[in-house]
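K.L.:
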Amino acid sequence: MQEDKIEICPCQEAMDLMSGKWTMTIINTLMTGKMRFKVLERSIPGINTRMLVKELKQLEKTGVLIRTAYATVPPTVEYVLSEKGISLTPVLIAVQEWALKNIHTNNI
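0 is the number of the first residue of the sequence shown in numbering that gives the first Met the number 0; add one for each residue after it.
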């Protein structure tokens, strides 16, 4: 007998993907284009190296960004949003607009 599979709400899946503390900030920062690791790190106040590495690995694993390592000395690594990541742009803009309208005005 086959067990019924529980369907997960697509919104919940999307929220799970974006649930990392720094995920949306990283994606938002990369919306400006390709960045080297140190430039990205300096662009996000308050994030530490370990957390940035963890979040970047997760975003790469889910296909939201592309990591390119160059064989240079010292090693150079660049990150850029994939097509999947770029498709999040209108979503992030909508969330930002909602936050500006609802959170900051209501002191949440």
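Note that beta-carbon positions come from the ideal geometry of N, C-alpha and C, so glycine has one too. Because the structure is a prediction, the values reported are computed rather than measured.
Helix, strand or coil for E6, going by three-state DSSP, please let me know.
P.N.:
Reading the sequence shown from its first residue, position 7 is the one you call residue 6. It is coil, neither helix nor strand.
K.L.:
What's the call for E12, buried or exposed, on a 16-neighbour Cβ count within 10 Å?
P.N.:
For the purposes of this step, residue 12 is taken as the residue at position 13 of the sequence shown. Exposed: under 16 other Cβ atoms inside 10 Å.
K.L.:
With a threshold of 16 other CB atoms inside 10 Å of the CB of I25, please say whether the residue is buried or exposed.
P.N.:
For this step, residue 25 is matched to residue 26 along the sequence shown. It is buried - the Cβ of I25 has at least 16 other Cβ atoms within 10 Å.
K.L.:
For E59, which of N47, M17, I7 has the nearest alpha-carbon?
P.N.:
Taking the first residue of the sequence shown as 1, we reach residue 59 at position 60. When only C-alpha atoms are compared, the closest one is M17.
K.L.:
Could you pull out every residue in the same chain whose Cβ sits closer than 7 Å to the Cβ of K83, ignoring the five residues on either side in sequence?
P.N.:
On the sequence shown, position 84 is the one that residue 83 refers to. Within the same chain, K83 has close Cβ partners G62, V63.
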